[in-house]
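Reviewing the structure listed below.
This is the structure in structure tokens:
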């Protein structure tokens, strides 16, 4: 390889290494469905169905067991059950 090719490759590597700067603004993390039971899951049947759907698709191979002691499913005697999708 000649000197100009080596110089070009080193310059490109230096430019790519300099592009990795971050920002000072922290990114708000969205809690995973496997982190805790949301309040909306105990508030309504739709909230519980949404949480169960999120829970079904969440990767949970490395997560600890979920504490469900505060989870109280909604039970209503005057509404029809939702169809299973």
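Residue numbers (this note's numbering): 17 to 101. We put the beta carbon where it would ideally sit given N, CA and C, even for glycine. Quick caveat: nothing in here was measured; it's all calculated off a predicted structure.
Beta-carbon proximity list for residue i, same chain, < 6 Å, skipping 5 on both sides
| i | result |
| --- | --- |
| residue 56 | 63 |
| residue 61 | 90 |
Residue range of the unbroken alpha helix (DSSP H) whose run includes residue i
| i | result |
| --- | --- |
| residue 88 | Counting along the chain, residue 88 falls outside any alpha helix (DSSP H), and DSSP gives it neither H nor E. |
| residue 72 | 61-73 |
Sequence-distant residues of its chain with Cβ nearer than 8 Å to residue i (five each side left out)
| i | result |
| --- | --- |
| residue 65 | 98 |
| residue 10 | Nothing about residue 10 can be read from this structure; the chain reaches only from 17 to 101. |
| residue 83 | 52 and 53 |
| residue 88 | 58 |
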